[in-house]
Amino acid sequence: MELSTILAPECTSCATPGSKKKVLELISHLAAAQHPFLSSQEIFESLLAREKMGSTGIGNGIAIPHGRLGNIDKPLAVLIKCEEAINYDAIDKQPVDILFALLVPSDQCQQHLSTLAAMAEKLNDKQILKQLRKSHDEKELYQVIIG
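Per the UniProt record's numbering, the sequence shown starts with residue 1, numbered consecutively.
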């Protein structure tokens, strides 16, 4: 799967959200702005429901928040680079500065797992992670992740 098919440049952001709740709200707003049939509240609630089951902070400053939505027919992603790392309750107890959020149709469980695994593998590449953290703007961030 080509990452550019699920991640639009407009869903990539360099930001300073300040908290886990605020970054999940930012993800929700970015996704809803690109997909008018989705409400940011619905997206936020989906992401929050998943976080309540356990943090999606996978360690090394990375989180992969994700949720399922009944009214989409293909996955969509949002990439955030936090200018200042935030407390995210990650498994290694370290703050998070790179978030790759994934929203998938409720009925695509296997694709959801495959996409999450592929993204986690990509973000575990030290070179890609270093380039993401050095990115100065959304355009550069987008090019690094889809490259």
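A virtual CB, placed ideally from N, CA and C, is assigned to each residue, including glycine.
Check, Outcome
"Closest to Asn60 by C-alpha separation, out of Pro95, Lys52, Ser19, would be which residue?", "Pro95"
"Where do the N-terminal and C-terminal ends of the alpha helix (DSSP H) with Ser46 fall, by residue?", "40-53"
"Would Ala101 and Val78 qualify as a contact pair, given that the criterion is a beta-carbon distance under 7 Å?", "yes"
"Should Glu2 be labelled buried (16 or more other beta-carbon atoms within 10 Å of its own) or exposed?", "exposed"
"Does the Cβ-Cβ distance between Thr16 and Glu84 come in under 7 Å?", "yes"
"Could you compute how far the alpha carbon of Arg133 sits from the alpha carbon of His35?", "27 Å"
"Which class does Glu84 belong to by DSSP, given the choice of helix, strand or coil?", "strand"
"Straight-line CA distance for Leu141 to Ser13?", "8 Å"
"Quick one: give me the first and last residue of the alpha helix (DSSP H) that Ala33 is part of.", "20-34"
"Please identify the residue among His29, Pro75, Ser28 whose C-alpha is closest to the C-alpha of Leu107.", "A quick correction: the sequence has Asp, not Leu, at residue 107. The option with the nearest alpha carbon to Asp107 is Pro75."
"Quick check on Ala119: buried or exposed, where buried means 16 or more other Cβ atoms within 10 Å of its Cβ?", "Per the sequence shown, residue 119 should be read as Met rather than Ala. Classification for Met119: buried."
"Do you know how far the Cα of His66 is from the Cα of Leu47?", "6 Å"
"Return the CA-CA distance between Tyr88 and Lys20, expressed in angstroms with no decimal places.", "6 Å"
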